[in-house]
Structure formats: structure tokens, C-alpha cells
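What follows is a single structure, written as C-alpha cells, with notes after it.
Residue numbers (this note's numbering): 1 to 174.
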């Protein structure tokens, strides 16, 4: 069985473990491509949900598209929390925008899933690239509240840890 690779806003049925690629998109390097390649090289059975849209929307990112994106992310974050891994890669900023704080959504989601995975018994694995602003605070808070959460500093190791975690999951679960 070969796992699926899909991105927002595509909804697909998943069988087996799912790795959700969480982390900054706007202003970030295109790290999702690299993560998918690493995960695929390690285990082709794993399904991967990427919120990164390869196809740029024509025109403005409308309210409808925004809601669609948020709903898609919520759906597959929940799927990964129940049967898979939520992989957070906090890449350092590649392109600055004065109109938007870098990784603002990712920071909120990381805090949210830091707590939700406790209740849902989900697997959360975090990577923080050297140079990511606010890393010291995030590391300190995880040390205080969730010291068992794996935190690494490079994408390759992060993907290896995520694949290793899903290899011990029930592949027959939907």
C-alpha cells in the first residue's frame, strides 16, 4: 500500500497513519517539498497532508478560500492527532513582510496542539531551525510542560523521527 500525498484544499480518505506537515508557509522557505521527499524516501506507505498549496490561487485569497484552508487544516490535524503524527517544522524566516508577523498561525497552532495532544494522546514532534525567532521561549515552555515531546533542530532528523513514530502504529485503522 502506498500512502497518499495531498495538499489543501483536497479532501481524501485516509487509511493508515498520517503525518501532517505543520509550520509556517508565508515568508518561509518551501520546506514542505523537502519534508515530503524525506518521508517518502523513508516509508512510502505513510500518507502526508501538506497545507502548502502548490497551485497559487488566481487573484485575492478570498474569505471563502481562507475558511476552506482553515477547515482543511483542522480536519487533517485532527486525523493526524488520532492516527499519526503532527510534525511541526519552525523554519527560520526567508522573506520578511511588514504586513504580517512571521509564523503567526503556526505559533498559535503549536500552542494549541501542545495541549490538545495531551487530551487526545496524539503524537507531536517539533523541529526548530536555528535562527527561528522566539525559539528560546518555545523550548523553555516545552521543557516546563511537555518535556517528553521530541524537539530537534533539523528537518531531516524531524522527518526520521516522525516516520519512526508512525511505523509503530496500527496500519489497519481508519
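By construction, the Cβ of each residue, glycine as well, lies at the ideal position given by its N, Cα and C atoms.
Residue 23 holds the alpha-carbon nearest to the alpha-carbon of residue 106 among 23, 12, 5, 11. Residue 113 and residue 124 have their C-alpha atoms spaced approximately 8 Å apart.
Between residue 19 and residue 139, the alpha-carbon positions lie close to 22 Å from each other.
In the structure shown, residue 166 adopts helical secondary structure according to DSSP, grouped into three states. By the CB criterion at 8 Å, residue 3 and residue 44 fall inside the cutoff. Restricted to the region 52-92, the beta strand (DSSP E) segments that are unbroken, complete and at least 3 residues in length are 84-90, listed in chain order. Checking the DSSP bridge columns, you'll see residue 124 partnered with 86. Between the alpha carbons of residue 47 and residue 133 lies a distance of about 30 Å. Our two residues, residue 91 and residue 161, have alpha carbons roughly 17 Å apart in a direct line. Counting only the Cα atoms, residue 128 lies some 23 Å from residue 79.
The beta carbon of residue 116 is closer than 8 Å to those of 81, 122 in its chain, skipping five residues each way along the sequence. For residue 35, the enclosing alpha helix (DSSP H) begins and ends at 31-42. Look at residue 112 here: in three-state DSSP terms it is helix. Approximately 5 Å separates the beta-carbon atoms of residue 95 and residue 27; this is inside 8 Å, confirming the contact.
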